[in-house]
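Residue numbers (this note's numbering): 272 to 692.
Inspection log for the structure reproduced underneath, given as C-alpha cells.
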C-alpha cells in the first residue's frame, strides 16, 4: 500500500504536519519511537497535580501556538511572576538578567549585532568563526554584562558559551524574541501555561490520526518515485525529529543538511519539581524565580491556580549531563540548594519528581546548539531533500526551539507536501 505521506516523529511539529495533511484528504501515517505522543512535551504528576516536565510555555508574540490551543480547546493561564526574584550570580544585580542593562553602551552594541544577524551581515563568517565565550572575554570589559550574557546563553541553550557559535547565538536570539523575551517580557506580557499540560496539544492533535507508537525508524530510502521507512511506503515523507537524532537515521539528505545534523549538539536539561504544602515564597514577597550558580541555574513558580504550590528548578549543561551518575545525590543537592535560595521551608517538600532529558533515548538532551564554523559553511536544516521534507522546531524561521517554532515547521512541511507534484 502506497500512502500519500509518512511522518516520522509524533511530537508537536510532526502531528501538526500530519493533521494538516489529513485535513486535506491525504492518507498519512505517523511513526513514533516512543510509547507516547508529544516529543519533548511531557505531562507528569507531582503531589497529584499535573505539571510539565518538558516544553510548557506560550509567550508573547506566538500567534500560531495561541491559535492552535484555541482550536483544540486547550485553555491556558498566566505564569505566576509577582514578587521579587532571587539573583545569586557573581557581579550580577537585580532586577532582571538582561533587560536591566538595556541602556548601557555595550548592551546597545550587542543588541545591534543581534538585529543584524538576521540579514546575513558581512561579519557572518567572522562571528561564526568564534565562540560566544571567546567573544565575551575578548570584547566586553563590563563584568556584569559578561556574566549576564553568559548566564542567558547557558540557560537558553543548555550549553557553555565556550561551545556555542557566536553567530548561532545571535541569530537564534533574534528569532526568539530578542534579549527581552520570552523570559523578560519586553512587551509587558507574561508567559502562559496550559491547563492539563502542554502535552495535551499533541494528544488532541493525534486523535483520529493513524499514529503508530513504539515504531522507531532507523533507515529511510528514496528511489525518486517513492520513499520507504521500514515496512511503510509513501509518495512523501516528513522527518520531524531533532537534527542530532536524525543523524542516527540512514536517510538521504543533501550534504548541507548532513553537515548540520552531524554538528548539532543537544544541551542537557534536568527538571526538578518540588511540591509544598504552601507557597511560602509568595508569603515572603518572592516570585519563585531564582538565578544562581551551582547545580540549579534557575527556578520558577510552578504552582497551580488556586491549587498545588510547587517550584520548578532547571539543571542544565554539564551538570545535567552528569546527573545520571548519581541521581540520588544530585536530587538531595538540588533540594539543599532550593533551601539556600528560598529558606529552610524549601528543604521539606511534600513530593519531588525529576525528569532527566539526557537519559531519554529519543531526545538525548533537549535544546539544539551549534559550534563555530557550521553555518558559515552553508549548512542548513530545513526544506525538501528529494521526497524527504524536514520539520521539527529546529527548522523554524521564527521561534526555533520553542512550541511556536514546532508549529511553524509542521505547517511548512505539510504545505511542501501538499504542493508537490
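Don't be surprised by glycine CBs; every beta carbon is placed ideally from N, CA and C.
Source: prediction; values computed, not measured.
ask   = Count the other CB atoms within 10 Å of the CB of residue 641; is the residue buried (16 or more) or exposed (fewer)?
value = buried
task = Throw me the rounded Cβ distance for the residue 432 and residue 404 pair, which I believe falls under 8 Å.
result = 4 Å
Straight-line Cα distance separating residue 550 from residue 687 = 48 Å
ask   = Do the CB positions of residue 605 and residue 279 come within less than 8 Å of each other?
value = no
key: Counterpart residues of residue 402 in DSSP-defined beta bridges   = 436
key: residue 672 versus 644, 639, 626, residue with shortest Cα-Cα distance   = 639
inquiry  = Rounded to the nearest angstrom, what separates residue 356 and residue 581 at their Cα positions?
reply    = 16 Å
inquiry  = Assuming contact is defined by CB atoms lying nearer than 8 Å, are residue 563 and residue 359 in contact in what I supplied?
reply    = yes
key: Same chain, Cβ closer than 8 Å to residue 327, neighbours up to 5 away in sequence not counted   = 312, 464, 465, 468, 469
Own chain, CB closer than 6 Å to residue 281, minus 5 neighbours either side, in chain order = 301, 303, 308, 482
8 Å Cβ shell around residue 491 - same chain, five flanking residues per side excluded = 279, 498, 499, 500, 508, 510, 520, 521, 522, 523, 659
key: Helix, strand or coil at residue 496 [DSSP, three-state]   = coil
task = Confirm, please, whether the CB-CB distance from residue 345 to residue 472 is below 8 Å.
result = yes
ask   = Skipping 5 residues on each side, what residues in its chain have a beta carbon closer than 6 Å to that of residue 541?
value = 586, 591, 594, 627
ask   = Would you call residue 694 buried or exposed, if buried means 16 or more other Cβ atoms sit within 10 Å of its Cβ?
value = Beyond the ends of the chain as shown, which are 272 and 692, falls residue 694; an answer cannot be given.
ask   = Counting only runs that start and end within the segment 500 to 533, where is the beta strand (DSSP E) found for 3 or more residues in a row?
value = 503 to 510
inquiry  = Measuring straight from C-alpha to C-alpha, what distance separates residue 430 and residue 486?
reply    = 31 Å
task = With a threshold of 16 other CB atoms inside 10 Å of the CB of residue 489, please say whether the residue is buried or exposed.
result = exposed
task = Pick helix, strand or coil for residue 570, following the three-state DSSP scheme.
result = strand
message = For a test of the three-state rule: what should DSSP assign to residue 682, helix, strand or coil?
response = helix
task = Output the distance between the C-alpha atoms of residue 455 and residue 446, rounded to the nearest integer angstrom.
result = Any reading at residue 455 needs caution, since the residue's pLDDT is 46, under 50, leaving its predicted position unreliable; the model's value is listed next. Going from the Cα of residue 455 to the Cα of residue 446 covers about 15 Å.
Residue 286, DSSP secondary structure in three states = helix
request  = Below 7 Å CB to CB, which residues in the same chain sit around residue 297 once its five sequence neighbours on both sides are set aside?
outcome  = 275, 276
message = Between which residues of its own chain and residue 377 is the CB-CB distance below 7 Å, once the five residues before and five after are set aside?
response = 411, 413, 416
query = Which runs of the beta strand (DSSP E) fall wholly inside the segment 283 to 343 and span at least 3 residues, in chain order?
reply = 299 to 302, 314 to 317, 320 to 323
key: Residues bridged to residue 347 (per DSSP)   = 465
ask   = Which stretch, first to last residue, makes up the beta strand (DSSP E) that contains residue 355?
value = 355 to 359
query = If you draw a straight line from the alpha carbon of residue 293 to that of residue 662, how long is it in whole angstroms?
reply = 16 Å
query = Among residues of its own chain, excluding the 5 on either side of residue 363, which ones have a beta-carbon nearer than 8 Å to its beta-carbon?
reply = Any reading at residue 363 must be qualified, since the residue scores a pLDDT of 49, below 50, and its modelled position is unreliable; the value itself is stated next. Contacts found: 415, 418, 419, 422, 562.
inquiry  = Need the endpoints of the beta strand (DSSP E) that residue 588 sits in, please.
reply    = That residue, residue 588, is in no beta strand (DSSP E); its alpha helix (DSSP H) goes 588 to 592.
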